[in-house]
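Asks: So the protein lines, in turn, are chains A and B.
Those letters in the first sequence? Residues 1 to 113, by our numbering.
Those letters in the second sequence? Residues 1 to 117, by our numbering.
Just so it is clear, CB atoms sit at the ideal spot from N, CA and C, and this is done for glycine as well.
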Amino acid sequence: AQSVTQLDSQVPVFEEAPVELRCNYSSSVSVYLFWYVQYPNQGLQLLLKYLSGSTLVKGINGFEAEFNKSQTSFHLRKPSVHISDTAEYFCAVSERNTDKLIFGTGTRLQVFP
Amino acid sequence: GAVVSQHPSRVICKSGTSVKIECRSLDFQATTMFWYRQFPKQSLMLMATSNEGSKATYEQGVEKDKFLINHASLTLSTLTVTSAHPEDSSFYICSASFTGAGIYGYTFGSGTRLTVV
């Protein structure tokens with residue numbers, strides 16, 4: 001069964017600084033990878049996903065992530081964050097032979113002025 | 001496209017009563033839906049996988065008699081929390097996977113905040 005690890009529960013950063021949110025996964029088969037954002041008291045919004053092809057994936061709001069198969073990682077990055085990026089970010093993995101989507105524990109990104 | 005509608009968005013019920021949450025796929029047929037539970041400031045925990053026309057598959061530790069799932073049609077899955085207790089208070093989210101035209105992904109309902117008093 002797959003599992004997802006987000007090592008950083010909280011990431012504080014100043015506005016306009018770069019940020020990286022880390023995600024590692026474990027699976028015995030090929031996977032699909034996703035990053036979601038959740039604003040307070042709201043549902044989930046897809047930021048980006050990796051299904052196949054180029055390992056560098058660009059998403060909405062200036063975010064991008066890189067799939068590294070050897071390191072089983074899918075870290076999320078943004079070169080310059082805004083106050084409005086303050087939210088909870090979830091990495092998620094689904095195995096190609098099942099349909100279940102498993103979430104990491106989440107990373108709280110707090111952007112300060 | 002691929003929109004899932006979840007109702008109600010909020011519900012308050014008395015301890016011991018049952019609550020039904022509906023999840024509808026509006027513009028596609030969802031043969032498989034998923035139900036998640038999210039405690040405050042925590043991640044989404046998969047509770048069960050709902051398959052149209054068959055019994056749901058529950059994750060380890062989830063009481064199937066307490067969380068009844070019905071997926072009677074390709075557009076509707078329901079989660080019933082039976083004999084609810086305060087510890088069942090949580091945010092419940094449904095999801096469906098979709099494929100088509102080379103696209104694969106998941107769409108989520110807006111969630112139901114259940115408070116048991």
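For a contact defined as C-beta to C-beta under 7 Å, what are the partners of I102(A) on chain B?
Replies: Position 102 of the first sequence, counting from 1, holds the residue named residue 102(A). Within chain B, the residues near I102(A) are L46.
Asks: Counting contacts by CB-CB distance shorter than 8 Å, is S97(B) in contact with chain A?
Replies: Residue mapping note: residue 97(B) aligns to position 97 of the second sequence, counting from 1. Closer than 8 Å to some Cβ of chain A, the Cβ of S97(B) qualifies, so yes.
Asks: Under 8 Å: do the region 89-109 of chain A and the region 7-24 of chain A share three or more Cβ pairs, one atom per stretch?
Replies: Touching, yes, given that three or more Cβ pairs across the two stretches are closer than 8 Å.
Asks: Against chain B, with Cβ distances strictly below 8 Å, would T5(A) count as a contact?
Replies: The sequence position of residue 5(A) within the first sequence is 5, counting from 1. Cβ-Cβ to chain B under 8 Å: no for T5(A).
Asks: For the region 48-68 of chain A, enumerate the residues whose C-beta is nearer than 8 Å to any C-beta of chain B, in chain order.
Replies: Residues K49, L51.
Asks: Could you check the C-alpha separation between F112(A) and I83(A) for me, to the nearest Å?
Replies: Counted from its first residue, the first sequence places residue 112(A) at position 112. Counted from its first residue, the first sequence places residue 83(A) at position 83. Distance between the alpha carbons of F112(A) and I83(A): 7 Å.
Asks: Would I21(B) pass as an interface residue toward chain A - the criterion being a Cβ-Cβ separation below 8 Å?
Replies: Numbered from 1 along the second sequence, position 21 holds the residue referred to as residue 21(B). Closer than 8 Å: no.
Asks: Using DSSP with H/G/I as helix, E/B as strand and the rest coil, what is G106(A)?
Replies: Within the first sequence, numbered from 1, the residue matching residue 106(A) stands at position 106. Three-state DSSP puts G106(A) in coil, outside helix and strand.
Asks: Taking the beta strand (DSSP E) that K69(A) belongs to, which residues open and close that run?
Replies: Within the first sequence, residue 69(A) is the residue found at index 69, counting from 1. Where K69(A) is concerned, there is no enclosing beta strand (DSSP E), given that its DSSP letter is neither H nor E.
Asks: Measuring only the C-alpha atoms, how far is L21(A) from E64(A)?
Replies: Translated into positions along the first sequence, residue 21(A) becomes position 21. Translated into positions along the first sequence, residue 64(A) becomes position 64. Spanning the two alpha carbons is a distance of roughly 11 Å.
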